[in-house]
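A quick write-up on the structure given underneath.
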Amino acid sequence: MKRRNILLAAIIFPAVMAFGQQYGGMWIPTELNEKEMKDLGMKISAKQIFDPAKPSIKDAVVQFNGGCTAEIISPQGLLLTNHHCGYGQIQKHSSVQNDYLSDGFWAKNMGGELANPGVTVDFITDIKEVSAEVLAGTQNLEGKAAEDLIRTNLEKVQAGFKLEPWQKVVIKPMYYGNKYYAYVIETFKDIRLVGAPPSSIGKFGSDTDNWVWPRHTGDFAMFRIYADKNNRPAEYSKDNVPYKPKHFLPVSIKDKQENDFTFVFGFPGRTTEYLPAIAVEKIMTDTDPAMISVREVALKTLDEKMRADDETRIKYASKYASVANYWKKWIGEVEGLKKSDAVGKKKKYEQSLIAKNPQVKTTIDGLNALYTEQAPYALNRAYYSEVIRNAETLSLANQYLNFMQSYEAGKTDDKSMTSLKNRLASFYKDYDGALDAKVTAKLLALYANKTPQSFLPTNFAQFKDENANLSLIEEWSKNSVVSGRKSLNGATAATDIQKVFANPAELVKALKDDPFIKLATQLRTSYMTSTEDKYAQLQSQIDVLQKRYMAQQMETDKDRPFFPDANSTLRVAYGQVKGSNPRDAVYYGYQTHISGIMEKYVPGDYEFDVPKKLIDLYQAKDYGIYKDKTGEVPVNFTATNHTTGGNSGSPVLDAHGNLIGLNFDRQWEGTMSDINFDPRFSRNIMVDTKYILFIIDKYADAKWLINEMKIVK
Ligand code: ARG
Ligand code: GLU
Numbered sequence: 005m006k007r008r009n010i011l012l013a014a015i016i017f018p019a020v021m022a023f024g025q026q027y028g029g030m031w032i033p034t035e036l037n038e039k040e041m042k043d044l045g046m047k048i049s050a051k052q053i054f055d056p057a058k059p060s061i062k063d064a065v066v067q068f069n070g071g072c073t074a075e076i077i078s079p080q081g082l083l084l085t086n087h088h089c090g091y092g093q094i095q096k097h098s099s100v101q102n103d104y105l106s107d108g109f110w111a112k113n114m115g116g117e118l119a120n121p122g123v124t125v126d127f128i129t130d131i132k133e134v135s136a137e138v139l140a141g142t143q144n145l146e147g148k149a150a151e152d153l154i155r156t157n158l159e160k161v162q163a164g165f166k167l168e169p170w171q172k173v174v175i176k177p178m179y180y181g182n183k184y185y186a187y188v189i190e191t192f193k194d195i196r197l198v199g200a201p202p203s204s205i206g207k208f209g210s211d212t213d214n215w216v217w218p219r220h221t222g223d224f225a226m227f228r229i230y231a232d233k234n235n236r237p238a239e240y241s242k243d244n245v246p247y248k249p250k251h252f253l254p255v256s257i258k259d260k261q262e263n264d265f266t267f268v269f270g271f272p273g274r275t276t277e278y279l280p281a282i283a284v285e286k287i288m289t290d291t292d293p294a295m296i297s298v299r300e301v302a303l304k305t306l307d308e309k310m311r312a313d314d315e316t317r318i319k320y321a322s323k324y325a326s327v328a329n330y331w332k333k334w335i336g337e338v339e340g341l342k343k344s345d346a347v348g349k350k351k352k353y354e355q356s357l358i359a360k361n362p363q364v365k366t367t368i369d370g371l372n373a374l375y376t377e378q379a380p381y382a383l384n385r386a387y388y389s390e391v392i393r394n395a396e397t398l399s400l401a402n403q404y405l406n407f408m409q410s411y412e413a414g415k416t417d418d419k420s421m422t423s424l425k426n427r428l429a430s431f432y433k434d435y436d437g438a439l440d441a442k443v444t445a446k447l448l449a450l451y452a453n454k455t456p457q458s459f460l461p462t463n464f465a466q467f468k469d470e471n472a473n474l475s476l477i478e479e480w481s482k483n484s485v486v487s488g489r490k491s492l493n494g495a496t497a498a499t500d501i502q503k504v505f506a507n508p509a510e511l512v513k514a515l516k517d518d519p520f521i522k523l524a525t526q527l528r529t530s531y532m533t534s535t536e537d538k539y540a541q542l543q544s545q546i547d548v549l550q551k552r553y554m555a556q557q558m559e560t561d562k563d564r565p566f567f568p569d570a571n572s573t574l575r576v577a578y579g580q581v582k583g584s585n586p587r588d589a590v591y592y593g594y595q596t597h598i599s600g601i602m603e604k605y606v607p608g609d610y611e612f613d614v615p616k617k618l619i620d621l622y623q624a625k626d627y628g629i630y631k632d633k634t635g636e637v638p639v640n641f642t643a644t645n646h647t648t649g650g651n652s653g654s655p656v657l658d659a660h661g662n663l664i665g666l667n668f669d670r671q672w673e674g675t676m677s678d679i680n681f682d683p684r685f686s687r688n689i690m691v692d693t694k695y696i697l698f699i700i701d702k703y704a705d706a707k708w709l710i711n712e713m714k715i716v717k
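One rule links them: number in my numbering = place in the sequence shown (from 1) + 4.
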C-alpha cells in the first residue's frame, strides 16, 4: 500500500507542478481558473460555485463570528464548523457541574439548542471589482494626497450600492492597494449551539498534535442559524425560526482516493506571499523568535496550574489554546522557511525580476534599506505587544488606560461604556489574578532583560529579577482596582463592574493611583515615543514600496498566476487529496483511521485520552455505513489546498460540490505557506465527513441531525 503511494506520488508530482500550483493560490470566487480546476477533475462550473444572481455554493458558506468559516449542511440552517472555532461558546456554556468541554454537548431537539449572544455569521451575496472607481485620479499622487483621494472615492463607491436594509458593503484593497473589491454582506445574529463532541474527540491530541500530521482529531461542532419569520437576519428571539438557506451542502460519505480533486471555500485571514527577501529574513530571525519566547514563558506558567486545578483549566482553556496555537505555528514557520530556503529563493526571484525590469532594483534597494532601519523597532514592537497580550494584568490596565484617556477627553458615550463594561466583566470571569501575577512577573523580567534600555522606561532595569517582580506584584495586587481586589463603591471590578463604574470621576481618580496603571502608563509611553511613531512612519514608506513591488511583480513575471494575499475575504483554494514526503525517507499517507486513535490512546491523559464509548464502538467495529474500503472509519486526510488561519471550519468539497471534509489545520512541515507556499510540504488537514457523521450518529446518537442532512453515498 505504502509502496504504491510512493509510486503514485512520483508520477503525479510533476503533473501538479505543470498545473501552475507551485505557488499555491487562494482565488477570488468571481475570478476562478475554471480550466485548471476542470483539468484537475472538477465536474461543476465556476458559476455553480459563485453566482450572485442564482443560488450557488457560496450561499452555504459563511464567515463564523468574524474569524473562522462555517457551512450550511441542511435545509434548516444547520451549521458545521470546527470545535476550536466554537470553543469559546462551548466554554461559556460550561461549568464544573456542566462540563461541555470535557463531556460534549448534544441538543436533543431544536428546543434544546443554546443561544450565543454576540455571535454572528456573514454571508457574501455579491462581489464586484471597483478598482477603477476607487483609484480614479490617484495615478500621479503619492502618500497622504493619494490616501485622501482614495478615502473620498471609497465613500462615493460605497454610497453607490443599492442595498436591502439588512445588507452592508465592505470594500477591501487587494494586491497591496493595486486593486479594490466590494463585498455585499448579510449578517445573521441568532446562532445557537447544537452539538459538540467532548474535547477528547474534538481536541484529541490537543497541543502536542496541533499543526502535526498524522492527525486524529474530530475537530467539529454544530450550530444553527435562526432568522425572523421572513427568513431575514434578526437579533436573538425565542420566536425566531431556523433559517432556510438558498443552498446547503450535500454530505458525501464516498471513499476518497489519492489525487481526487478538492476545493476549499472559506475566509483565509492573512498571508504575505509577495514580500521581499529581507522582510522574510526579519520574520525568521527577529520577530517570530521574539514572540515565541514570550509565549513560551506564559504557556509554561499557565500549564502548571491548569493541570493541577479543574477550575483554572476551564477558565483558561480557550485563552491557552489560542496562545499555544500561534506559538507553535511560528516555530514550524521558522523551521519551514529555513528548510525551503525561502530567503534564498526570494533573493533569486528578485534578481530574475531585475534582469527583466531594471526598475525593480530601485524598489528592492529601497525596501532593503527601510526594513534594515525598521528592524530594531519591529523587534521591540513584537516584544511589547506580546508582553502586554500575555501579562493579563497589564492588558487589563491598558483597557482602563484607554477608558481614562477618553473619559478625560470627554469622549465616552453610553455605547462605548456598555461595551467596555461587558468586555471587562467577561475578562474578570476568566481571570485568575494570583496565577497571572506569576506570568506578569516573568514577562516583565524577560522584557527588561531582552530589550535595550533606550526602548524602556527609566529605572525599568529594576524588573530584571522575576522573584522580586512577583513579590512586588503580589503587594500591588492587594490594593488595586485593576487586579479586581480594591473595592470602590462597595464592590470590586472582579465582582461587580457596574458598581465600580457607577461614579466614573471617582474611578478615574482611583485608577490614577493604581500601581498597575502607573506601570502600564510608563511602558506605553516609552513604547510610543521610542518605537511606535518611528515604526509606523517607516511602515508607511514600506507600504508605498510594497504596493509598487507588487505591481512590478505582476507586470514583469508574466508566467506566474497571481492571486491576492489573504485578507479575510471569501476565497477558493483547490488541489488534490495527497500525502507528502516531508523528510528524507519519510512518507506521509493521505488518510488516518480510527485504529490510529487507539495507537495514540493514553488512558487518563489530558491530551490523548479516548472516551469509553468510542473505545466500545471501535472494539465492536460498530461503524455502520461510515467505514471505508479498509473496513475502518477514516478520521483525517490531507490535500494540497493552500489555506491559512480563518480557513478553519471551511468546507472541503469534491468535484461535484459535495462536502467531503472540514478544514482545520495544516501540517508542521508546511506552515510557512503563509509566506512561502511549497508544494512539496504544504498540506491542509481536514476531518473526514465519514468520521463526523460516525460521531454524530454512533457516538452521540443524534440521528435527528443526520436525518436533516442530504447524504451522498
Ligand atoms: N492549528 C489549528 C488552527 O490554526 C487548530 C487550533 C486549535 N487547536 C489548539 N490546540 N490550539 O487554528
Ligand atoms: N486552524 C486554523 C484556523 O483556525 C486553520 C489552519 C491554518 O492556519 O491553516 O483557521
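Note that beta-carbon positions come from the ideal geometry of N, C-alpha and C, so glycine has one too.
Note that the coordinates shown come from a computational prediction; the quantities given were computed from them, not determined experimentally.
Only buried fits Gly199, as 16 or more other CB atoms lie within 10 angstroms of its CB.
Per DSSP, the continuous alpha helix (DSSP H) segment holding Pro380 begins and ends at Gln363 to Asn394. Counted as a single uninterrupted DSSP element, the beta strand (DSSP E) harbouring Ile76 occupies residues Cys72 to Ile76. Between Gly650 and Phe271 a beta carbon distance of about 5 Å is seen, short of the 8 Å cut, so the two are scored as contacting. In this structure Ile195 is in contact with Phe227, their Cβ atoms being roughly 5 Å apart against a cut-off of 8 Å.
Distance check between Val174 and each of Glu277, Glu137, Glu168 and Ile131 places Ile131 closest, using alpha-carbon atoms only. Under the Cβ criterion (8 Å, minimum of three pairs), the stretch 685-696 counts as touching the stretch 630-642.
Comparing C-alpha distances from Asn680 to each of Leu709, Leu657, Lys625 and Pro280 shows the shortest one belongs to Pro280.
With a cut-off of 8 Å on Cβ pairs, the stretch 46-59 is not in contact with the stretch 665-683, counting fewer than three such pairs.
Take the alpha-carbon of Ile699 and the one of Pro201: they are about 8 Å apart. In its chain, beyond the 5 residues on either side, Arg489 have a beta carbon closer than 7 Å to the beta carbon of Lys482. Glu133 carries a strand assignment under DSSP once its states are collapsed to helix, strand and coil.
The beta-carbon distance between Asn361 and Gln556, rounded to whole angstroms, is 6 Å. This is short enough to meet the 8 Å contact definition.
Leaving aside the five residues that flank Phe165 on each side, the residues in its chain whose CB is nearer than 6 Å to its CB run, in chain order, Val173.
Note that the C-beta distance between Tyr184 and Val245 is not below 7 Å.
Taking the Cβ atoms as the reference, Lys468 lies roughly 5 Å from Ala452, within the contact range of under 8 Å. Residue range Gln171 to Met178 is occupied by the beta strand (DSSP E) that includes Met178, with no alpha helix (DSSP H) assigned at that position. Remark: the C-beta of Asn651 is in contact range of the ligand GLU, defined as less than 6 Å to any heavy atom. Ranked by how close their Cα comes to the Cα of Arg274, the residues Lys160, Ala231, Met178 and Gly437 have Met178 in first place.
Of all alpha-carbon atoms in Pro607, Thr316, Gln545 and His660, the one lying nearest the alpha-carbon of Gln95 is that of Thr316. Assigned with DSSP and collapsed to three states, Trp110 falls in strand.
Its chain contains Ile296 as the residues whose beta carbon lies nearer than 7 Å to that of Ile335, once the 5 sequence neighbours on both sides are disregarded; these appear in chain order. The beta carbon of Phe252 lies closer than 7 Å to those of Ala64, Ile76, Ile77, Ser78 and Pro79 in the same chain, with the five residues before and after it left out. If the five residues before and after Ala659 are omitted, its C-beta is found closer than 6 Å to the C-beta atoms of Gly45, Met46, Lys47 and Phe265, all from its own chain and listed in chain order. Residue pairing of Ile195 in beta bridges, as defined by DSSP: Ile229. According to DSSP, Phe224 shares a beta bridge with no other residue.
In this structure, Gly181 and Lys551 form a Cβ contact; the two beta carbons are roughly 5 Å apart against a cut-off of 8 Å. The three-state secondary structure of Phe685, taken from DSSP, is coil.
The shortest CA-to-CA distance from Thr85 to any of Val656, Ser572 and Asp609 is the one to Val656.
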